[in-house]
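Undergrad: First the structure, then my questions, so here it is.
In my numbering, the protein residues as written are 372 to 630.
If you want it as structure tokens, here you go:
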């Protein structure tokens, strides 16, 4: 592993741990929920956790930029940028459902090179660095080797959003996939990385929702693309074990594009 990336992966893991230390004591409490301009919820736990993460980055990586869901962009040296979501899956968190987590990514020269997803309520943390492999709770992890969509478990954050984005694609997918479930947000990607599910589909994502998985999925042996089949993260995302990727794109897009 690149020594610099090894050190920075440690920083990312510490940031996720700091966030978890704030979030978990509030998990079972009744929190005031506010709606942001885009209609998504936010709590004091989100804000406190992001502030603590930013303070850690300022101490350990001074000069690095930070992009966070709650506090926006803090410019840095132009080469390194942390991309963070203190609570991915705030709706689950609010309703005391454990499928939420903290996301941390590091971009170097615009490319994600470190990714961490920590789901403290289920006691699982996955991390990866470019060229260094993917790990789940300290052990190497790989995507499944399931060869066909007919044997696959496919996840999405919101079936309603998927249906709205691609009604015909949703119908085709529901007919062909073995199992279609809404175990979404960051936990859906974690399930793919851990080999528990074969695909995670997001009709719409923000940079902080997806940046860590550009590293995690690929280092675990899978594939992450946009719905158009372009490798890497965009405004939408499909993560798979790689073997079912082309067929999934065909069903969602209604064509036989070569990807």
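Glycine residues also receive a C-beta, built at the ideal position from the N, C-alpha and C atoms.
For residue 627, count neighbouring C-beta atoms within 10 Å of its own C-beta (all shown protein chains included) and say buried if the count is 16 or more, exposed if not.
TA: Annotation note: pLDDT 46 at residue 627 (below 50); position unreliable, no value reported.
Undergrad: Name the two residues that bound the continuous alpha helix (DSSP H) containing residue 381.
TA: Unbroken alpha helix (DSSP H) run through residue 381: 374–394.
Undergrad: For residue 449, which option in 537, 459, 481 has the closest C-alpha, if you only look at C-alpha atoms?
TA: For the residues 537, 459, 481, the minimum Cα distance to residue 449 belongs to 481.
Undergrad: What is the C-beta distance between residue 623 and residue 608, in whole angstroms, given that I count them as a contact (C-beta under 8 Å)?
TA: Their Cβ separation, rounded to whole angstroms, is 12 Å, which puts residue 623 and residue 608 out of contact at 8 Å.
Undergrad: Cutting at 6 Å between CB atoms, please list the residues of its own chain near residue 421, excluding the five before and the five after it.
TA: Around residue 421: 439, 441, 442, 457.
Undergrad: For residue 395, count neighbouring C-beta atoms within 10 Å of its own C-beta (all shown protein chains included) and say buried if the count is 16 or more, exposed if not.
TA: With fewer than 16 Cβ atoms within 10 Å of its Cβ, residue 395 is classed as exposed.
Undergrad: Considering only residues of the same chain and omitting the five flanking positions on each side of residue 495, which have a CB-CB separation below 7 Å?
TA: Excluding sequence neighbours, residue 495 sits near 507, 508, 561.
Undergrad: CB residue 556 to CB residue 470, shorter than 8 Å?
TA: Yes, they are a contact pair.
Undergrad: Would you call the segment 484–499 and the segment 412–429 in contact, with 3 or more CB pairs under 8 Å?
TA: Not touching, per the Cβ criterion.
Undergrad: Going by the CB atoms, is the gap between residue 590 and residue 499 shorter than 8 Å?
TA: It is a contact, given that the beta carbons lie within the stated cut-off.
Undergrad: Residue 527 bridges to which residues according to DSSP?
TA: Per DSSP, 572.
Undergrad: What residues in its chain sit with their C-beta under 6 Å from that of residue 541, if we drop five residues either side in the sequence?
TA: For residue 541, where only same-chain residues beyond five positions count, the Cβ hits under 6 Å are 533, 534.
Undergrad: Should the segment 398–411 be regarded as contacting the segment 506–525, the criterion being three or more beta carbon pairs within less than 8 Å?
TA: The segment 398–411 is not in contact with the segment 506–525.
Undergrad: Would you list the residues sitting across from residue 506 in a DSSP beta bridge?
TA: Looking at the DSSP assignment, residue 506 forms a beta bridge with 498, 511.
Undergrad: With 16 as the cutoff for other CB atoms within 10 Å, does residue 621 come out buried or exposed?
TA: By the 10 Å Cβ count, residue 621 comes out buried.
Undergrad: Looking at residue 387 and residue 473, is the spacing between their C-beta atoms short of 8 Å?
TA: A contact, by the Cβ cut-off of 8 Å.
Undergrad: Any idea if residue 614 is buried or exposed, counting beta-carbon neighbours within 10 angstroms, 16 or more meaning buried?
TA: It counts as buried.
Undergrad: Give a yes or no on whether the C-beta atoms belonging to residue 599 and residue 525 are separated by under 8 Å.
TA: Not a contact, by the Cβ cut-off of 8 Å.
Undergrad: Go ahead and pull the three-state DSSP assignment for residue 480.
TA: In this structure, residue 480 counts as coil in the three-state DSSP scheme.
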